[in-house]
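These protein sequence lines map, in sequence, to chains A and B. When the letters of the first sequence are read in order and numbered with the working numbering, they come out as residues 61 to 199. When the letters of the second sequence are read in order and numbered with the working numbering, they come out as residues 1280 to 1450. The beta-carbon is built from N, C-alpha and C at its ideal position, and this holds for glycine as well.
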Amino acid sequence: MATSFTNAWKENVEEIISSTIKDRFSNSLPIFRTPNFKFRGNHFMTIKGINSSSDNSMYSAIPNKFFLQLDYYHYDNKRNDTSIKHFFSQIGRIEEIFYSILEARELFNLLITSITFEDAEEMQGFRKAVFNIEVSNVR
Amino acid sequence: MALSVTNIIYDKVLTPLRDVLRTEFKGALPIYFDSTFKDIGTKALRIFPNSQSLQDRRHGSFLNLYDIEMTYYLRTNRDDEKALDQLYRDVTRIETVLLDNRVGGSDSPYFYAGQPDVEHDVDETDLSNVLISKINIPVLYEEIHDTYKLFSTSNNKYFVSSDGSFYIVGN
């Protein structure tokens, strides 16, 4: 008989994060899980797993710590005070969703270890915030 | 209940820093938030965060360190000591104002994790006749956030509470 297993990265981590963010943004913020990046729409996120490590081995349970990177892209053609305020408002909203809502779900010890802000010519007018995330889950 | 969201970077970090500098310079130094240079006059100060990093996580709050970069631009056709003197004078004045306001008020309880660092003669734009200095300041801010709890019913439907208020979020 084939081994019964859970696709932990997809079902226990990435889908929980992406569905929660989508829900809190009323589906106005698309989140993509794809190995091939491309610019899409006026704002969107990509989510990708970096690595995982085992917290400890327990009988019939696998506790893991997952490290992920979420990239938030925000098209800003106005480049004024209002558009910058809106960009940081979205960052704050995502941060609050992580700490307030996601910790009430199946994930725990959820940390946004850092956020880096990027803006370069090759970004085609998009501002980018790179979230480095750490979450734990037991399956 | 809607999730309460604070625009920490803009409202609690960048704006208070800009306001103390605007009060000091009284319009003589245009200050703006952006990640790139804007040609808006003889001199200007650009403020933008490079990054933030988590310093501490407690139940119901998180403490972040914000690496804020201020870039001072001085357009000048002079190629002598006087141009440098003006650059040094303004940058030192900015640095002093920041030191004098290292702790925010009750509306914005930020405080510095260290003193400002200054770097002169920065090469950032393709423009000629522009002198540039950078001032980096590490700012700490702790945000208290909403907390929710998960209750799973026997049929795996979820109920979420926040401070005693119960409602269904759907499943």
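Report buried or exposed for residue i, applying the criterion of at least 16 other Cβ atoms within 10 angstroms of its Cβ.
| i | result |
| --- | --- |
| Glu71(A) | exposed |
| Pro95(A) | exposed |
| Ile1423(B) | exposed |
| Ser78(A) | buried |
| Met61(A) | exposed |
| His103(A) | buried |
| Asn1408(B) | exposed |
| Phe99(A) | exposed |
| Leu1378(B) | exposed |
| Phe97(A) | exposed |
| Gln1394(B) | exposed |
| Gly101(A) | exposed |
| Arg84(A) | buried |
At a cut-off of 7 Å, would you count residue i as near the ligand NAD, judging by its Cβ distance to the nearest heavy atom?
| i | result |
| --- | --- |
| Ile110(A) | Judged by which ligands are present, the structure shown has none, so any question about the ligand NAD falls away. |
If I'm right that residue i touches residue j with Cβ under 8 Å, what's the distance once you round it to whole angstroms?
| i | j | result |
| --- | --- | --- |
| Gly109(A) | Glu155(A) | At roughly 20 Å, the Cβ-Cβ gap does not stay under 8 Å, so Gly109(A) and Glu155(A) are not in contact. |
| Asn1343(B) | Tyr1289(B) | In fact, because the Cβ distance is near 14 Å, the residues do not count as touching under 8 Å. |
| Leu167(A) | Ser196(A) | 7 Å |
| Ile91(A) | Ile76(A) | Not a contact, Cβ separation roughly 12 Å. |
Measure the Cβ-Cβ separation of residue i and residue j and say whether it is below 8 Å.
| i | j | result |
| --- | --- | --- |
| Leu128(A) | Ile107(A) | yes |
| Tyr1391(B) | Lys1291(B) | no |
| Phe1327(B) | Leu1333(B) | no |
| Val1376(B) | Val1397(B) | no |
| Phe158(A) | Asn1286(B) | no |
| Gly185(A) | Asp136(A) | yes |
| Asp1425(B) | Ser1283(B) | yes |
| Thr63(A) | Arg199(A) | no |
| Ala68(A) | Asn111(A) | no |
| Gln1331(B) | Ile161(A) | no |
| Phe177(A) | Ser1314(B) | yes |
| Pro1417(B) | Asp1346(B) | yes |
| Asp141(A) | Phe1316(B) | no |
| Asn1329(B) | Glu1303(B) | no |
At the 8 Å Cβ level, is residue i part of the contact set with chain A, yes or no?
| i | result |
| --- | --- |
| Thr1285(B) | yes |
| Ile1288(B) | yes |
| Thr1350(B) | no |
| Ser1314(B) | yes |
| Phe1341(B) | yes |
| Ser1330(B) | yes |
| His1399(B) | no |
| Leu1366(B) | no |
| Thr1302(B) | no |
| Tyr1420(B) | no |
| Leu1406(B) | no |
| Leu1282(B) | yes |
| Tyr1427(B) | yes |
| Arg1325(B) | no |
| Arg1336(B) | yes |
| Leu1296(B) | no |
| Leu1308(B) | no |
| Leu1410(B) | no |
| Leu1333(B) | yes |
Strictly under 8 Å for the Cβ-Cβ distance: is residue i near chain B by that measure?
| i | result |
| --- | --- |
| Asp141(A) | yes |
| Asp115(A) | no |
| Thr106(A) | no |
| Ile81(A) | no |
| Glu156(A) | yes |
| Tyr133(A) | no |
| Gly152(A) | yes |
| Ile144(A) | yes |
| Phe126(A) | no |
At least three beta-carbon pairs within less than 8 Å, the stretch 1318-1330 of chain B to the stretch 1353-1361 of chain B: yes
Touching by the beta-carbon criterion (3+ pairs, under 8 Å), the stretch 187-194 of chain A and the stretch 129-139 of chain A: yes
Given 8 Å, three or more beta-carbon pairs between the stretch 1412-1419 of chain B and the stretch 1334-1354 of chain B: yes
Touch test, the stretch 1292-1302 of chain B against the stretch 166-177 of chain A, Cβ-Cβ under 8 Å, three pairs minimum: no
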